[in-house]
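Those letters in the sequence shown? Residues 27 to 294, per our numbering, in order.
This report concerns only the one structure given below.
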Amino acid sequence: GYKVDVQAYNILDPYGLKKAGPAASVEFHSLGKGPIPPIPELGDTFEHEVLVNWTKPTDLQYYVTHYVVRLEKTAVNITVKKTSVWLECLETWHSYTALVSSCTGSDTCGPPKKLYFQTDVGAPDMPRNLTSTSVTRYGMKLSWNSPEQVRGPLDGYKITFANSSNAFNVITKDTQITVGNLSANCVYSVCVSAFNHGAHQTKEGPAAAIQVRTLYGPKAASPWLSVTTITLMVVVPVVCFVVLSVYVVYKQLLKKREDEELLASSQS
(Lines of atoms letter the chains of each structure in order from A and count residues from 1; the text may use other names and numbers.)
(Lines give C-alpha, C1' and ligand atoms only; values in the text may rest on other atoms or scores of the structure.)
Protein backbone atom coordinates (compact mmCIF):
# COMPACT_ATOMS: atom_id res chain seq x y z
CA GLY A 1 0.00 0.00 0.00
CA TYR A 2 0.95 3.61 -0.54
CA LYS A 3 0.16 7.00 0.95
CA VAL A 4 0.57 10.27 -0.98
CA ASP A 5 0.59 13.73 0.64
CA VAL A 6 0.10 16.90 -1.44
CA GLN A 7 0.85 20.39 -0.04
CA ALA A 8 0.62 23.83 -1.60
CA TYR A 9 3.28 26.40 -0.71
CA ASN A 10 4.33 30.02 -1.23
CA ILE A 11 7.87 31.43 -1.59
CA LEU A 12 8.55 34.18 0.93
CA ASP A 13 10.57 37.12 -0.39
CA PRO A 14 13.31 38.25 -0.05
CA TYR A 15 14.78 35.12 1.42
CA GLY A 16 13.22 32.55 -0.94
CA LEU A 17 11.85 30.45 1.88
CA LYS A 18 8.93 28.08 1.20
CA LYS A 19 5.82 28.31 3.39
CA ALA A 20 3.70 25.15 3.00
CA GLY A 21 0.05 24.74 3.90
CA PRO A 22 -1.74 21.68 5.30
CA ALA A 23 -1.41 18.43 3.39
CA ALA A 24 -4.12 16.48 1.59
CA SER A 25 -3.55 12.72 1.81
CA VAL A 26 -4.69 9.68 -0.11
CA GLU A 27 -3.96 6.01 0.49
CA PHE A 28 -4.16 3.29 -2.15
CA HIS A 29 -2.98 -0.18 -3.05
CA SER A 30 -1.38 -1.15 -6.32
CA LEU A 31 -3.26 -3.72 -8.40
CA GLY A 32 -0.43 -6.17 -8.46
CA LYS A 33 0.51 -8.36 -11.39
CA GLY A 34 -1.75 -9.10 -14.33
CA PRO A 35 -4.38 -7.15 -16.27
CA ILE A 36 -6.67 -4.56 -14.72
CA PRO A 37 -9.87 -6.08 -13.31
CA PRO A 38 -13.30 -4.96 -14.55
CA ILE A 39 -15.79 -3.26 -12.25
CA PRO A 40 -18.75 -5.66 -11.88
CA GLU A 41 -22.33 -4.42 -11.41
CA LEU A 42 -25.55 -6.21 -10.59
CA GLY A 43 -27.79 -6.37 -13.65
CA ASP A 44 -30.87 -8.29 -12.52
CA THR A 45 -31.92 -10.28 -9.48
CA PHE A 46 -34.11 -13.35 -8.99
CA GLU A 47 -34.55 -15.90 -6.22
CA HIS A 48 -31.97 -18.39 -7.46
CA GLU A 49 -29.94 -16.47 -10.03
CA VAL A 50 -28.50 -13.03 -10.72
CA LEU A 51 -27.03 -11.28 -13.75
CA VAL A 52 -23.59 -9.69 -13.34
CA ASN A 53 -22.38 -7.14 -15.93
CA TRP A 54 -19.13 -5.24 -16.44
CA THR A 55 -17.26 -3.21 -19.06
CA LYS A 56 -14.05 -4.41 -20.66
CA PRO A 57 -11.20 -2.59 -18.92
CA THR A 58 -8.59 -0.62 -20.86
CA ASP A 59 -5.14 -2.04 -20.15
CA LEU A 60 -2.21 -0.96 -22.33
CA GLN A 61 0.07 -3.68 -20.97
CA TYR A 62 -2.22 -6.69 -21.42
CA TYR A 63 -4.70 -7.91 -24.01
CA VAL A 64 -7.73 -9.21 -22.13
CA THR A 65 -9.27 -12.29 -23.79
CA HIS A 66 -11.60 -13.65 -21.10
CA TYR A 67 -12.73 -13.30 -17.51
CA VAL A 68 -12.91 -15.54 -14.48
CA VAL A 69 -15.84 -15.18 -12.08
CA ARG A 70 -15.90 -16.87 -8.70
CA LEU A 71 -18.30 -16.83 -5.78
CA GLU A 72 -16.42 -16.21 -2.55
CA LYS A 73 -16.13 -19.25 -0.24
CA THR A 74 -16.59 -21.65 -3.16
CA ALA A 75 -14.07 -23.49 -5.31
CA VAL A 76 -16.02 -23.07 -8.56
CA ASN A 77 -14.58 -20.75 -11.22
CA ILE A 78 -16.65 -19.63 -14.21
CA THR A 79 -14.75 -18.63 -17.35
CA VAL A 80 -16.54 -16.34 -19.82
CA LYS A 81 -15.54 -14.32 -22.87
CA LYS A 82 -18.52 -11.97 -22.69
CA THR A 83 -18.83 -9.06 -20.30
CA SER A 84 -21.74 -10.61 -18.40
CA VAL A 85 -22.62 -13.85 -16.67
CA TRP A 86 -25.63 -15.46 -14.96
CA LEU A 87 -24.81 -16.86 -11.54
CA GLU A 88 -27.25 -19.72 -10.92
CA CYS A 89 -28.30 -22.24 -8.27
CA LEU A 90 -28.25 -19.62 -5.52
CA GLU A 91 -30.22 -19.58 -2.28
CA THR A 92 -33.26 -17.36 -1.79
CA TRP A 93 -32.71 -14.08 0.11
CA HIS A 94 -29.02 -14.80 0.65
CA SER A 95 -25.96 -12.53 0.59
CA TYR A 96 -23.08 -13.36 -1.75
CA THR A 97 -19.75 -11.92 -2.89
CA ALA A 98 -18.64 -12.38 -6.51
CA LEU A 99 -15.05 -11.83 -7.65
CA VAL A 100 -14.30 -10.96 -11.30
CA SER A 101 -10.79 -11.01 -12.81
CA SER A 102 -9.45 -10.11 -16.25
CA CYS A 103 -7.29 -12.73 -17.97
CA THR A 104 -5.00 -12.96 -21.02
CA GLY A 105 -4.61 -15.68 -23.62
CA SER A 106 -1.85 -17.27 -21.56
CA ASP A 107 -4.26 -17.55 -18.62
CA THR A 108 -2.49 -14.79 -16.76
CA CYS A 109 -5.21 -13.30 -14.56
CA GLY A 110 -5.04 -10.09 -12.62
CA PRO A 111 -6.43 -9.31 -9.17
CA PRO A 112 -10.23 -9.53 -8.80
CA LYS A 113 -12.82 -6.87 -8.11
CA LYS A 114 -15.60 -7.74 -5.66
CA LEU A 115 -19.37 -7.37 -6.05
CA TYR A 116 -21.64 -7.73 -3.04
CA PHE A 117 -25.25 -8.68 -3.76
CA GLN A 118 -28.33 -10.37 -2.33
CA THR A 119 -30.73 -12.69 -4.13
CA ASP A 120 -34.42 -11.85 -4.39
CA VAL A 121 -37.03 -12.71 -1.77
CA GLY A 122 -39.33 -15.71 -1.98
CA ALA A 123 -42.87 -16.48 -0.88
CA PRO A 124 -43.23 -17.12 2.88
CA ASP A 125 -44.70 -20.30 4.32
CA MET A 126 -48.25 -20.47 5.64
CA PRO A 127 -48.96 -18.53 8.86
CA ARG A 128 -49.32 -20.88 11.85
CA ASN A 129 -51.97 -21.33 14.55
CA LEU A 130 -54.65 -19.08 13.06
CA THR A 131 -57.49 -18.75 15.59
CA SER A 132 -60.33 -16.42 16.59
CA THR A 133 -59.74 -15.17 20.13
CA SER A 134 -62.94 -13.12 20.45
CA VAL A 135 -66.27 -13.04 18.56
CA THR A 136 -69.23 -10.65 18.95
CA ARG A 137 -72.39 -10.00 16.93
CA TYR A 138 -70.63 -7.52 14.70
CA GLY A 139 -66.89 -8.20 14.99
CA MET A 140 -64.09 -10.62 15.75
CA LYS A 141 -60.46 -10.68 16.86
CA LEU A 142 -57.94 -13.00 15.18
CA SER A 143 -54.37 -14.00 16.00
CA TRP A 144 -51.70 -16.20 14.41
CA ASN A 145 -47.97 -16.96 14.47
CA SER A 146 -45.44 -16.01 11.80
CA PRO A 147 -44.49 -18.61 9.15
CA GLU A 148 -41.71 -21.06 9.85
CA GLN A 149 -39.79 -19.91 6.75
CA VAL A 150 -40.23 -16.25 5.77
CA ARG A 151 -37.70 -16.09 2.85
CA GLY A 152 -37.39 -12.33 3.11
CA PRO A 153 -38.11 -9.40 5.43
CA LEU A 154 -41.79 -10.50 5.71
CA ASP A 155 -43.44 -7.33 4.47
CA GLY A 156 -46.92 -8.10 5.79
CA TYR A 157 -50.05 -10.25 5.96
CA LYS A 158 -53.19 -10.20 3.82
CA ILE A 159 -56.42 -11.16 5.61
CA THR A 160 -59.49 -11.96 3.49
CA PHE A 161 -63.01 -11.99 4.98
CA ALA A 162 -65.74 -13.53 2.81
CA ASN A 163 -69.38 -14.49 3.38
CA SER A 164 -72.14 -15.52 0.98
CA SER A 165 -72.64 -11.98 -0.34
CA ASN A 166 -69.35 -10.06 -0.23
CA ALA A 167 -65.63 -10.14 0.56
CA PHE A 168 -62.92 -7.68 1.58
CA ASN A 169 -59.19 -7.66 2.37
CA VAL A 170 -57.14 -6.13 5.18
CA ILE A 171 -53.34 -5.64 5.15
CA THR A 172 -51.32 -5.60 8.37
CA LYS A 173 -47.81 -6.21 9.67
CA ASP A 174 -49.05 -7.46 13.04
CA THR A 175 -49.91 -11.05 13.98
CA GLN A 176 -53.34 -10.11 15.28
CA ILE A 177 -56.24 -8.01 14.06
CA THR A 178 -59.66 -6.82 15.24
CA VAL A 179 -62.39 -6.12 12.66
CA GLY A 180 -65.89 -4.68 13.04
CA ASN A 181 -68.94 -3.76 10.96
CA LEU A 182 -69.67 -7.42 10.23
CA SER A 183 -73.10 -9.00 9.87
CA ALA A 184 -74.65 -10.73 12.88
CA ASN A 185 -75.21 -14.50 12.85
CA CYS A 186 -73.13 -14.86 9.67
CA VAL A 187 -70.43 -17.37 8.72
CA TYR A 188 -67.20 -15.78 7.48
CA SER A 189 -64.38 -17.63 5.72
CA VAL A 190 -61.14 -16.06 6.95
CA CYS A 191 -57.83 -16.56 5.10
CA VAL A 192 -54.45 -15.21 6.25
CA SER A 193 -51.38 -15.26 3.98
CA ALA A 194 -47.91 -13.71 4.32
CA PHE A 195 -46.10 -11.86 1.53
CA ASN A 196 -42.79 -10.26 0.52
CA HIS A 197 -42.26 -7.46 -2.00
CA GLY A 198 -39.82 -8.86 -4.57
CA ALA A 199 -37.71 -7.18 -7.22
CA HIS A 200 -40.30 -7.90 -9.93
CA GLN A 201 -43.52 -8.79 -8.09
CA THR A 202 -45.10 -9.33 -4.69
CA LYS A 203 -44.69 -12.95 -3.62
CA GLU A 204 -47.56 -14.29 -1.53
CA GLY A 205 -47.42 -17.60 0.27
CA PRO A 206 -50.19 -20.15 0.96
CA ALA A 207 -53.03 -19.06 3.22
CA ALA A 208 -54.20 -20.44 6.54
CA ALA A 209 -58.01 -20.60 6.67
CA ILE A 210 -60.76 -20.90 9.29
CA GLN A 211 -64.51 -20.28 9.43
CA VAL A 212 -66.00 -18.04 12.12
CA ARG A 213 -69.69 -17.35 12.82
CA THR A 214 -70.62 -14.04 14.40
CA LEU A 215 -73.10 -14.08 17.28
CA TYR A 216 -76.86 -13.83 16.78
CA GLY A 217 -78.72 -10.56 17.45
CA PRO A 218 -79.39 -7.10 16.07
CA LYS A 219 -76.65 -4.60 15.75
CA ALA A 220 -76.20 -2.39 18.77
CA ALA A 221 -77.86 1.01 18.51
CA SER A 222 -75.67 4.03 18.15
CA PRO A 223 -74.90 6.01 21.34
CA TRP A 224 -76.76 9.08 20.02
CA LEU A 225 -79.95 7.08 19.39
CA SER A 226 -79.79 5.51 22.83
CA VAL A 227 -79.44 8.85 24.61
CA THR A 228 -82.27 10.37 22.56
CA THR A 229 -84.59 7.47 23.26
CA ILE A 230 -83.95 7.63 26.99
CA THR A 231 -84.46 11.39 27.01
CA LEU A 232 -87.82 11.12 25.23
CA MET A 233 -88.96 8.37 27.59
CA VAL A 234 -88.30 10.65 30.57
CA VAL A 235 -89.31 14.06 29.23
CA VAL A 236 -92.57 13.21 27.41
CA PRO A 237 -94.41 11.77 30.45
CA VAL A 238 -93.30 14.72 32.58
CA VAL A 239 -94.57 17.23 30.03
CA CYS A 240 -97.89 15.37 29.71
CA PHE A 241 -98.29 15.34 33.51
CA VAL A 242 -97.61 19.07 33.77
CA VAL A 243 -100.09 19.91 30.98
CA LEU A 244 -102.77 17.71 32.53
CA SER A 245 -102.22 19.27 35.97
CA VAL A 246 -102.53 22.78 34.57
CA TYR A 247 -105.72 21.82 32.76
CA VAL A 248 -107.29 20.33 35.92
CA VAL A 249 -106.41 23.41 37.99
CA TYR A 250 -107.82 25.66 35.27
CA LYS A 251 -111.12 23.73 35.18
CA GLN A 252 -111.40 23.90 38.97
CA LEU A 253 -110.81 27.64 39.02
CA LEU A 254 -113.32 28.16 36.23
CA LYS A 255 -116.01 26.11 38.06
CA LYS A 256 -115.34 27.98 41.30
CA ARG A 257 -115.78 31.30 39.53
CA GLU A 258 -119.06 30.17 37.97
CA ASP A 259 -120.34 29.02 41.37
CA GLU A 260 -119.46 32.38 42.95
CA GLU A 261 -121.23 34.28 40.18
CA LEU A 262 -124.30 32.07 40.51
CA LEU A 263 -124.39 32.60 44.30
CA ALA A 264 -124.07 36.37 43.93
CA SER A 265 -126.93 36.56 41.45
CA SER A 266 -129.23 34.49 43.68
CA GLN A 267 -128.58 36.73 46.71
CA SER A 268 -129.42 39.85 44.79
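Note that the Cβ used here is the ideal one computed from N, Cα and C, for glycine as well.
Checklist line | Exposure of F267, with buried meaning 16 or more beta-carbon neighbours within 10 Å | finding: Indexing the sequence shown from 1 puts residue 267 at position 241. With fewer than 16 other Cβ atoms within 10 Å, it is exposed.
Notebook entry, point to check: Is the beta carbon of S128 less than 9 Å from the beta carbon of I62?
Noted result: Taking the sequence shown and counting its residues from 1, one reaches residue 128 at position 102. Taking the sequence shown and counting its residues from 1, one reaches residue 62 at position 36. For the 9 Å CB-CB criterion, S128 and I62 form a contact.
Note to self: Does the structure place the region 174 to 189 close enough to the region 141 to 154 that three or more beta carbon pairs sit under 8 Å?
What the structure shows: With a cut-off of 8 Å, the region 174 to 189 and the region 141 to 154 count as touching, because enough Cβ pairs lie within range.
Checklist line | Nearest residue (CA-CA) to L77, options V106, G60, N103, V111 | finding: The residue labelled residue 77 in the question sits at position 51 within the sequence shown. Out of V106, G60, N103, V111, the CA that lies nearest to the CA of L77 is found in V111.
Item checked: DSSP state of M166 mapped onto helix, strand, coil -> Within the sequence shown, residue 166 is the residue found at index 140, counting from 1. It is a strand residue.
Check: Helix, strand or coil: which one does DSSP assign to A124?
Finding: Start at 1 with the first residue of the sequence shown, and residue 124 comes out as number 98. DSSP, read as helix, strand or coil, puts A124 in strand.
Note to self: Short of 6 Å in beta carbon distance, which residues of its chain neighbour Q144, apart from the five on each side in sequence? Order them along the chain.
What the structure shows: Along the sequence shown, one-based indexing puts residue 144 at 118. Once the five neighbours on either side are set aside, the close Cβ partners of Q144 are S121.
Next item on the list: Name the residue from W80, E117, L280 whose alpha carbon lies nearest to the alpha carbon of K107.
Entry: Here residue 107 is taken as the residue at index 81 of the sequence shown, counted from 1. Minimum Cα-Cα distance from K107 among the listed residues W80, E117, L280 corresponds to W80.
Notebook entry, point to check: Does the distance from the CB of K29 to the CB of V52 come in under 9 Å?
Noted result: Against the sequence shown, residue 29 aligns to sequence position 3. Against the sequence shown, residue 52 aligns to sequence position 26. Yes, the pair counts as a contact, with Cβ atoms nearer than the cut-off.
Note to self: Within a Cβ cutoff of 6 Å, which residues of the same chain sit near G224, ignoring the five residues on either side of it in sequence?
What the structure shows: Taking the first residue of the sequence shown as 1, we reach residue 224 at position 198. If we look at G224 and ignore the five residues flanking it on each side, its Cβ neighbours are D146, V147.
Note to self: As an exercise, report each continuous beta strand (DSSP E) stretch of at least 3 residues that is fully enclosed by the region 136 to 192, in chain order.
What the structure shows: Whole beta strand (DSSP E) segments, 3+ residues: 139 to 144, 154 to 161, 166 to 171, 182 to 188.
Notebook entry, point to check: What three-state label does DSSP hand V102 in the structure shown?
Noted result: Locating residue 102 in the sequence shown gives position 76, where the first residue counts as 1. Coil at V102, not helix or strand.
Note to self: Once DSSP output is grouped into helix, strand and coil, what is the label at V90?
What the structure shows: Locating residue 90 in the sequence shown gives position 64, where the first residue counts as 1. DSSP, read as helix, strand or coil, puts V90 in coil.
Check: DSSP on C115, reduced to helix/strand/coil?
Finding: Taking the first residue of the sequence shown as position 1, residue 115 is located at position 89. The DSSP-derived three-state label of C115 is coil.
Notebook entry, point to check: Expressed to the nearest angstrom, what Euclidean distance is found between the alpha-carbon atoms of D187 and F194?
Noted result: Taking the sequence shown and counting its residues from 1, one reaches residue 187 at position 161. Taking the sequence shown and counting its residues from 1, one reaches residue 194 at position 168. Note on residue identity: the sequence assigns Phe, not Asp, to residue 187. Their Cα atoms are separated by approximately 5 Å.
Next item on the list: Reducing DSSP to helix, strand and coil, say where P263 ends up.
Entry: Walking along the sequence shown from the start, residue 263 turns up at place 237. Three-state result, P263: helix.
Checklist line | P263 classed as buried or exposed, judged by whether at least 16 other C-beta atoms fall within 10 angstroms | finding: Numbered from its first residue, the sequence shown carries residue 263 at position 237. Its Cβ having fewer than 16 others within 10 Å, P263 is exposed.
Next item on the list: Label N222 either buried or exposed according to how many other C-beta atoms from any shown protein chain fall within 10 Å of its C-beta, with 16 as the threshold for buried.
Entry: On the sequence shown, position 196 is the one that residue 222 refers to. With 16 or more Cβ atoms within 10 Å of its Cβ, N222 is classed as buried.
Notebook entry, point to check: Which of helix, strand or coil does DSSP assign to L251?
Noted result: For the purposes of this step, residue 251 is taken as the residue at position 225 of the sequence shown. Below a pLDDT of 50, predicted positions are generally treated as unreliable, and L251, at 49, falls in that range; no measurement from the model is reported.
Check: To which residues does DSSP link C212 through a beta bridge?
Finding: Translated into positions along the sequence shown, residue 212 becomes position 186. Per DSSP, C212 has no beta bridge partner at all.
Item checked: Run of the beta strand (DSSP E) containing D70, from where it starts to where it stops -> Reading the sequence shown from its first residue, position 44 is the one you call residue 70. Per DSSP, D70 belongs to the beta strand (DSSP E) from 67 to 71.
Checklist line | DSSP bridge partner residues for K107 (one or two, in chain order) | finding: Translated into positions along the sequence shown, residue 107 becomes position 81. According to DSSP, which records beta bridges pairwise, K107 is partnered with nothing at all.
Notebook entry, point to check: How is Y35 classed by DSSP in three states: helix, strand or coil?
Noted result: To locate residue 35, count along the sequence shown from 1; it is residue 9. In the structure shown, Y35 sits in a strand (DSSP, three-state: E or B).
Next item on the list: Output the distance between the C-alpha atoms of S209 and L68, rounded to the nearest integer angstrom.
Entry: Taking the first residue of the sequence shown as position 1, residue 209 is located at position 183. Taking the first residue of the sequence shown as position 1, residue 68 is located at position 42. Rounded to whole angstroms, S209 to L68 spans 52 Å at the Cα level.
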